[in-house]
Structures are given as C-alpha cells and as structure tokens.
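This report refers to the structure that appears directly beneath it.
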Amino acid sequence: MEDKEKLRSYKEGILQYLIMMYVWKAASAQIHYTVPEEMQKGSFVGNIAKDLGTEGKQLSDHGLLIVSTVGKVQYFTLNANSGNLQTSERIDREAVCGQAEKCILNFQVMVEHKRKLYGVEVEITDINDNAPYFPPGVQEVKVSEIAIQGSRFPLPEAQDEDLGINSVQSYQLAGSSHFSLDVKIENGARHVELVLEKNLDREKQSMYELILTATDGGDPVRTGTAQIKIIVLDVNDNAPVFSQPLYAVSIEENIPKGSTICRITAVDPDEGIYGELKYSFKKVTKKDAQMFLLNSTTGTITVMGDIDFEVGSFYEFEVHAEDYGGLFSRAKIEITVTDLNDNAPGLAVSFHTNSINENSPSGTVIAILNVEDQDSGINGEVTCSISQILPFQLKKSISNFYSLVTVDALDREQMDTYNITVTANDHGVPSLSTSIIIPLQILDTNDNPPLFPQPSYVSYFMENNQRGASIFSLEANDPDWEQNSKIQYSLIKSQVGDFPLSSFLSINSETGIIYSLTSFDYEEFREINFLVKAQDGGTPPLCSNVSVTLFILDQNDNAPEILYPSPPTDGSTGIELAPQSSEPGYLVTKVVAVDADSAQNAWLSYQLVKATEPGLFTIGLHTGEIRTARFFLDKDALKQSLVVLVKDNGQPPLSASVTVMVVLANSIPESLSDIRSMSPLADTQSDLTFYLVVAVAFVSSLFFTFLLVLLALKLRKWRSSQLCDSGSMNFSGVPVSQFVGIDGVRAFLHSYCQEVSLTTDSRKSRFNISKANSFNTLKNQLPSDPVKVAADSNLNSGDLNEVQQAQPVNTDWRFSQAQRPGTSGSQNGDENGTWGRNSQVEIRNAFKP
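By numbering that gives the first Met the number 0, the letter at position 742 of the sequence shown is numbered 741, and the numbering carries on one by one without gaps.
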C-alpha cells in the first residue's frame, strides 16, 4: 500500500514538471514530444496546433486530424477546442516497447485543407513502476563442506522490467556471517555470487537460511527479496563442464510448438551422484521462460509458445549444469528468430473524394492511402500500384503514405465511373498482397456539341402530300449528360424560290420531325435544300448544322398530251395520205404525245383501238408510228379512220385518244377526184366494184413503180449517203434537260430516211424524207392544222423531219412545224411542187359528214 502511494506521489510530481518537455522538428518534418509512461488518460502531451502554426484558429477551419494506421493502437487524441495532443489511454512502456532502449510512438497528423501530412513521434520515458523480483520459491545452494574460504557460488539474480537507473542496482545479503555477497559486472550484466567467508562443518550445521535483497535506483526505491537455502554437501571436488560456452541457434518464426531447437551437454568426471547433472535456466525472464522448456535431464530445449518475429526476434539466457555435489558450470544460449513473410500488407484509406469533374486538372488528389507491413527487412518492404491502365497515378509522400492523383485528362463520355483497384505487394517470397477498391464518379461538363450521324441527309416524298404530314425526321446525338445533352432542333432561315422556308416546312424542336405546311407539286418543285440546327442545353450551349435535301417524287397526276396530230379547231379531222402502192411496213404517219410526269409515269404506249379496216395498219407500241401491215386491196375503203389510244405506265394509268384519217391515193389530184366522186351512197355499193377500181389502180401503179424501182436501186446508195450519212444532227440550240428522261438516259431521236417515187398520168411525184438538221420543240409552236403545214412547206425541197419517240419519253421535247411526221407533209403535190390552200379546204370538206 505504501508503494502505491509513493507511485501516485511520483506521478503527480511528473505532471508538475511537464514543463520540462521539449518539442523539436527534425529535418524529416517530424514533431517530437517526450512524456513519461503511465500517465492518466487525457494527459497533456503538447500543443500540436501551436507547433503547426495554426494557434488561435479553430481546428475545424483547418481540418486537423490524426491519421489512423493499419494494425496499430492509437494512444493519442486531439482536443478540438484547444488543439492539445492528449493521451487516449494509459501507456505502459514495458508492454509497448519491451526492453528497447528507446520507446518511440510514431503517427501522422493531416491538415485537410492543405492535404498535407506531418509526422509526429512521442518518446515514452521509463518510470520506476516495477520492483525487482526473483524466481519464485526458495533458492537452494549446495556447498561442499570442504569448500575453502573464498569459494564462490552463484545466486539467483533479480529481474526488473524497468530500464536504466530504474533497474536493479545493488544486492544485500543477510542471515549468516559465514557468507558474504560479491556482485560482478560482466558485459554490462550484474552477476551475484555467494562467497564463503568461513569454513563449513556439516556435522555442526548442515543448512543455512539467508535473505537476498535486490534494490533498484528509482525514486522511490523498490526492492525484491529471495530466500536462499544453503545446504552443506559432502565432498565433491569436480564441477561440470559444458561442451561449449555459447550455444547460438537460429530458428524461423511460426515454428510448431514442441519442436526441439537445441540440446546442451555438460560432463562431470565425478562418480555416483556427484557425476549426475541437472540442467536449469538462469537469468531468464518470465516471457522467455514461457516460450522455451529445458529438459533438466537431457538438456533438450523445446519451443512451448508461439514464436513470432514481430513480437520477439532475439532471445538470450543462461543455462546451468549442476552435479549433485553442488558444483556447476554455466553456458550462454542465443536464439535468433528469422522473419518469414507471414503478414500481408495493411492498406487503409485516410482521405477519399467520391467524384470530380471531367475537366479537373492533372494532379488532382483523389485519395490518400496508408500502407503498413508488420514483417521486417525485405518482407516488410511494400510497393503500391494500380492494377489497371487508368488515368491515375500513385505518388509516395512521407513515410508509408501514398497520394492517388490524376495524370491524364478525363472524359466522362468514354468512362463515367471508375473502380480503382489499388494493390499493396510486399517483397517477400512468396509475395503477399492486399487490395482495396476506390470508387470514383466523373461529373459531366458541356464539352461535346450535338453531332448528326451523317454529314448530310437526302430524303424523298411523294408530291400531293397532305398538309401537316411528317415527311422526314433526323436525330442528333450528344454524348454529354442530362441538361448538357438535351437537344433542340430548328430550321435555319432560307428561301424556297421567292418564299421563305417557314411557309413550306416546320420542325419539332424536341423530336427533329419535319412537317410539310403545304402540298407540293412535282411539276413546280423538284427538291428543297435547307439547314437544320441542333443546339444542346449546356452553358454555354454548343450547336452543329447539317444539310438536308428533300426530293419530291412524281405521282401519275398528268394524262398524256397528244402533240400530233393536233386536235382540230374547226371540227375537221386531220388527214394523212398513203399511196395505194405502199408495201407492208410503209410509214404512214406518227402519233406524237408527251406526259408532264416523269419516270414510269411518263412511259407512253400506243394502241390502235379502232380502225375501218382491221389488220390494214399497225402502230408501234412505244414509237407511235402507224405503218401498213399489208398491200392495199381494191376493196379497201379509200378513207380509213384510225382511233389511237395513248396510255402512260402510272398506277392507275391515264390515257388520251386521237382519231387519224388516212386517205389511200397515189397523188393529191387523184385523191381529190376520188373524194369528190365519193357520195354517202358509195358505202352501200357493191364491194366488187370497189375491188375492181383498186385493182386497176394497183396494176397501173405497180407498172410505173417497177420502172422507178430500177432507177432507185442505182441511186439508193448515193442518195442515202447524201441524205443520211452526211447529215448531222445539231442539238446545240436545245436545252440538255429536253433530252434527258427520268432515269437519266438521253432519249435519242430516230430519223427516217426514205424515198418513194410514184408516177400517175405521166406525172411523177417524188416523196423524199431526209434527216433533220435542227429541232425546235416548243409546244406552243405546233399548229393545230396539219394540212396547213403541208401547204406551207416547200415540197420541191424534199425535206421532211420526223422524230421517233424513245421510252421513257421526256416531257419537254416538242416538234416544230417542219418536223411533223407523216406523209401529208412530205408528198409532192402538183407538177410545180406546190399544194394550194384550196386543195386543203376541198379535202377537209370531202371528209365532213
């Protein structure tokens, strides 16, 4: 009880002299404090706020905190109000540092707003809180009765957990004048020996009881006692001798319990019980005595506890070999524990931010990590790394701390979340590792404009569309997030002809669907070009434009228009002449039609739907050419009425019809006389009379034709070369668009080069058809009267231009007056080569009902 009061008084005195503590900063930027052990919880250690230069400010302004470390007990805490460093629990120096000469506790303090670490070390000084102690029980010492004065006998030595002056400093012996005490210092250790001062006589006294007291140098002074029992033995004049004075043993940590690590041997030349030896530990601490067991008979040392290099790496003690005569010998045991890599590195996160902006600069701190490994040497060397290839890097700061920072530019559109795996590997064999995952979210900034998938858009829709119908849609993509990726669409102001684009089209600002505000006509508009703007909702907003071309497709909404024969204006019907001597395949005339539509809607086909003499004439399906199918017979009517149907290829198809009147005659006067002689009753006359007339005319025509054919065969080649091969077609005056069909292929104009010679009543009429030299295709230049064209033409020149329609028919080409097909515009009239207007009127009147 008295010892406890002294200890309390001593601690109170220590607290009064705390002013003697000193603080110093080493070159390594560490703060050093010194405090004694066994201080009360909450005791003052130092004003760390003052030492860091933050005195007079609230710790919350700086975020000052102690950084926890892996696998270590935190003995200190910070006072948030005063900035003082205080103990968080009692510190027992002997439990923390054992027998180390210096006991230093290290930890780190971080100033959060600076993200900077400061090292702090606190040295724990020893106080005299442990009394010396001896091995328990009575200690026996056997002394031979023949021992001479000055003989020495080892005594048990006291152990003290304290260090320095607080450890054992002196011994005292009391109980008998036959013995004295001698203390020797060898290699820094005190050895206590019992010295015989007077000769012993076993027969007078066989046993002595002594008291051995050990005293330390602390304040207050502490002591420990041991009872020594001296047994006087019979004569034994030989002491045991060890085989070697030092036994050095090396073992690995984690060696199994019960393993033999060493065997000591000693020999004694005495016989009997004086030659029998027993082994025992001397100068062994309580901890070492629990770790190892010495067989007193065999001298075998075995492991009884857990050998852990991190707890103890070196053990040293003495062993004695003593015979039963009381003579002994001592040897030293040194056990070195080698480290195994049995502790994985400890990895802890001291600071961590969950998210950063994608435009954060390089070097931004994401986390601060602390790594510790309880192993030593190469097994305790640790390297931290990031297992993946990421735009982050670990930088080592002070001590065992690492900073995780950015090293490359971040792009949320490529990666919006990272799970950063940090691995700590030691350098042991085999290497041990520890990994942790640090999550990080990348916040978006408006750094991407909206982008369209295509550089330009082309779309098609049919003409005659409904007003307000959607005709096209487009969509832009913005890889940004939320408001930064919200896109609005608009049409950039433009003109369509003389009208603004807004009067034709509109666009949904959210969906990008384009609507028509009017119904389009292919014949008025073929295409519309404009720009669409996409703008995001970021700050500042970003935008992009794309070109859109809308092509209007044709519908079959226009019926074919017949250009030739042109519809009559006076109720008459156009007349075409065909010589009675015509051979099968003779070109009588050609029906010319156009269609304002395009593509297949303008592909025209011609059909002969009605004829006076079925089978007498045929019409080209795609050319519109009316040709004779056989020789004319006498029974054939001189006036042939042909109804031609022109139909396009649209769905549904549209059509137009025209009636063509064909007169069978070899010459104009003959046709006029035949027409005058015809009366309404002629239709009711006998067919036989008609056939006889036709036969006579045919035989006469055939005779003269035979004569002309002989001459024609000689001149045919030369005439063909002059009229066809040497004649060149010149289209320089016609726009290219007039010759281009909807499928992009030019419609070629076919020319006809024919020559027919007829002789009637000693008068020769020659019909010459040659290749045209020029074209004028304006529709409004076509006359309505085909006979007038023949009258106004110079028949002596023999020039007649005729065009055969190609499929598909272009909607723009027309025929001029000089190019009208058919024989009525190419046959010679009277002998002087003219056909008067009176003759035209007579022909018309003859065919009127």
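C-beta: ideal position from N, C-alpha, C; glycine also.
| Between residue 524 and the rest of its own chain, which residues show a CB-CB distance below 7 angstroms, the 5 nearest in sequence each way excluded? | Translated into the one-based positions of the sequence shown, residue 524 becomes position 525. Closer than 7 angstroms at Cβ, skipping near neighbours: 551.
| residue 321: first and last residue of the uninterrupted alpha helix (DSSP H) it sits in | Taking the first residue of the sequence shown as 1, we reach residue 321 at position 322. Here residue 321 belongs to no alpha helix (DSSP H); instead the beta strand (DSSP E) covers 313 to 322.
| message | Taking 6 angstroms as the limit between beta carbons, can you name the residues of its chain near residue 511, skipping five residues before and five after? | response | The residue you call residue 511 lines up with position 512 of the sequence shown. Excluding residues within five positions, the ones whose Cβ falls inside 6 angstroms are 472, 473, 474, 488.
| Residue range of the unbroken beta strand (DSSP E) whose run includes residue 181 | Position 182 of the sequence shown, counted from the start, is the residue given in the question as residue 181. Start and end: 178 to 185.
| task | Assuming residue 587 and residue 626 form a contact by the criterion Cβ under 8 angstroms, report the distance between their Cβ atoms to the nearest whole angstrom. | result | The sequence position of residue 587 within the sequence shown is 588, counting from 1. The sequence position of residue 626 within the sequence shown is 627, counting from 1. About 6 angstroms separates the two Cβ atoms, so the contact holds.
| field | Residue span of the alpha helix (DSSP H) that contains residue 286, given as start and end | value | Taking the first residue of the sequence shown as position 1, residue 286 is located at position 287. Judged by DSSP secondary structure, residue 286 falls within the alpha helix (DSSP H) whose first and last residues are 285 to 290.
| Alpha carbon of residue 81 to alpha carbon of residue 476, nearest angstrom | Translated into the one-based positions of the sequence shown, residue 81 becomes position 82. Translated into the one-based positions of the sequence shown, residue 476 becomes position 477. So the alpha carbons of these two residues sit roughly 57 angstroms apart.
| request: Pull up the CB-CB distance for residue 616 and residue 579, whole angstroms please, since I reckon it's below 8 angstroms. | output: Here residue 616 refers to the residue found at position 617 of the sequence shown. Here residue 579 refers to the residue found at position 580 of the sequence shown. Not quite, the Cβ-Cβ distance comes to about 14 angstroms (not below 8 angstroms), so this is no contact.
| request: Using three-state DSSP, classify residue 535 as helix, strand or coil. | output: Position 536 of the sequence shown holds residue 535. Per DSSP, reduced to three states, the secondary structure at residue 535 is strand.
| message | With DSSP as the reference, identify every bridge partner of residue 329, one or two as the case may be. | response | Position 330 of the sequence shown, counted from the first residue, corresponds to residue 329. Per DSSP, 319.
| said: On the CB-based measure, 16 or more other CB atoms within 10 Å of its CB, does residue 593 come out buried or exposed? | reply: As a first step, residue 593 is located in the sequence shown; it is residue number 594 there, counting from the start. Buried, because 16 or more other Cβ atoms sit within 10 Å of the Cβ of residue 593.
| said: Quick check on this structure: which residue in 166, 548, 153, 198 has the alpha carbon closest to the alpha carbon of residue 180? | reply: As a working mapping, residue 180 is identified with position 181 in the sequence shown. That would be 153, whose Cα lies nearest to the Cα of residue 180.
| query | Count the other CB atoms within 10 Å of the CB of residue 85; is the residue buried (16 or more) or exposed (fewer)? | reply | Counting from one through the sequence shown, the residue named residue 85 turns up at place 86. Buried, since its Cβ has 16 or more Cβ neighbours within 10 Å.
| query | When we look at the beta-carbon of residue 704 and count the other beta-carbons within 10 Å, is it buried (16 or more) or exposed? | reply | The residue labelled residue 704 in the question sits at position 705 within the sequence shown. So residue 704 counts as buried.
| Nearest-angstrom Cα separation, counted from residue 160 out to residue 396 | Within the sequence shown, residue 396 is the residue found at index 397, counting from 1. Within the sequence shown, residue 160 is the residue found at index 161, counting from 1. One C-alpha to the other measures close to 38 angstroms.
| field | Alpha-carbon spacing of residue 648 relative to residue 538, whole angstroms | value | The residue given as residue 648 occupies position 649 in the sequence shown. The residue given as residue 538 occupies position 539 in the sequence shown. Using only the alpha carbons, I get a separation of about 57 angstroms.
| query | For residue 109, does the count of other Cβ atoms within 10 angstroms reach 16, so buried, or fall short, so exposed? | reply | On the sequence shown, position 110 is the one that residue 109 refers to. Buried, because 16 or more other Cβ atoms sit within 10 Å of the Cβ of residue 109.
| query | To the nearest angstrom, how far is it from the Cα of residue 369 to the Cα of residue 113? | reply | By one-based count along the sequence shown, residue 369 stands at place 370. By one-based count along the sequence shown, residue 113 stands at place 114. Computed Cα separation, rounded: 17 angstroms.
| said: Rounded to the nearest angstrom, what separates residue 394 and residue 418 at their Cα positions? | reply: The sequence position of residue 394 within the sequence shown is 395, counting from 1. The sequence position of residue 418 within the sequence shown is 419, counting from 1. Going by the C-alpha atoms only, they are around 18 angstroms apart.
| Under three-state DSSP, which class holds residue 50? | Counting from 1 along the sequence shown, the entry for residue 50 is found at position 51. Reduced to three states, the DSSP call for residue 50 is helix.
| Three-pair Cβ contact test at 8 angstroms for the region 347 to 367 versus the region 256 to 268 | no
| message | Among 500, 442, 90, 715, whose alpha-carbon lies nearest the alpha-carbon of residue 548? | response | In the sequence shown, residue 548 corresponds to position 549, counting from 1. Of 500, 442, 90, 715, the residue nearest in Cα terms is 500.
| Buried/exposed call for residue 665, threshold 16 Cβ in 10 Å | Locating residue 665 in the sequence shown gives position 666, where the first residue counts as 1. It is buried - the Cβ of residue 665 has at least 16 other Cβ atoms within 10 Å.
| task | Can you tell me which of the three DSSP states residue 118 falls into? | result | Sequence index remark: in the sequence shown, residue 118 carries index 119 (1-based). In the structure shown, residue 118 sits in a strand (DSSP, three-state: E or B).
| message | Which same chain residues end up closer than 8 angstroms to residue 130 when comparing Cβ atoms and leaving out the 5 residues on each side of it in sequence? | response | As a first step, residue 130 is located in the sequence shown; it is residue number 131 there, counting from the start. If you ignore the 5 residues before and after residue 130, its C-beta comes within less than 8 angstroms of the C-beta of 2, 159, 215, 221, 222, 223, all in its own chain and listed in chain order.
| Residue from 628, 563, 650, 576 with nearest C-alpha to residue 849 | The chain is shown only over 0 to 848; residue 849 falls outside these bounds and no answer can be derived.
| message | Using a Cβ-Cβ cutoff of less than 6 angstroms, which residues in the same chain neighbour residue 427 once the five nearest sequence positions on both sides are dropped? | response | If you number the sequence shown from 1, residue 427 lands on position 428. Cβ within range, chain order: 340, 378.
| said: I need the boundaries of the alpha helix (DSSP H) containing residue 95, first residue and last residue. | reply: Mapped onto the sequence shown, residue 95 falls at position 96. First-last of the alpha helix (DSSP H) with residue 95: 92 to 96.
| query | Can you give the Cα-Cα distance for residue 282 and residue 218, rounded to whole angstroms? | reply | The residue you call residue 282 lines up with position 283 of the sequence shown. The residue you call residue 218 lines up with position 219 of the sequence shown. Computed Cα separation, rounded: 25 angstroms.
| query | Should residue 92 be labelled buried (16 or more other beta-carbon atoms within 10 Å of its own) or exposed? | reply | Counting from one through the sequence shown, the residue named residue 92 turns up at place 93. Residue 92 should be labelled buried.
| field | Which of helix, strand or coil DSSP assigns to residue 525 | value | Within the sequence shown, residue 525 is the residue found at index 526, counting from 1. If DSSP states are grouped into helix, strand and coil, residue 525 belongs with coil.
| Between residue 497 and residue 467, what straight-line distance do the alpha-carbon atoms span, to the nearest angstrom? | Counted from its first residue, the sequence shown places residue 497 at position 498. Counted from its first residue, the sequence shown places residue 467 at position 468. Rounded to whole angstroms, residue 497 to residue 467 spans 21 angstroms at the Cα level.
| From this set, 710, 663, 116, which residue's C-alpha is nearest residue 697's C-alpha? | Numbered from 1 along the sequence shown, position 698 holds the residue referred to as residue 697. Taking only the C-alpha atoms, the option nearest residue 697 is 663.
| task | Label residue 362 either buried or exposed according to how many other C-beta atoms from any shown protein chain fall within 10 Å of its C-beta, with 16 as the threshold for buried. | result | The residue given as residue 362 occupies position 363 in the sequence shown. Exposed, because fewer than 16 other Cβ atoms sit within 10 Å of the Cβ of residue 362.
| request: Tell me whether residue 527 is buried or exposed, calling it buried when 16 or more other Cβ atoms sit within 10 Å of its Cβ. | output: For the purposes of this step, residue 527 is identified with residue 528 of the sequence shown, where counting begins at 1. Using a 10 angstroms sphere on the CB of residue 527, the tally of other CB atoms reaches 16 or more, which defines it as buried.
| Just checking my contact of residue 308 with residue 338 at CB under 8 angstroms: how many whole Å lie between their CB atoms? | The residue labelled residue 308 in the question sits at position 309 within the sequence shown. The residue labelled residue 338 in the question sits at position 339 within the sequence shown. Correct: roughly 4 angstroms between the Cβ atoms.
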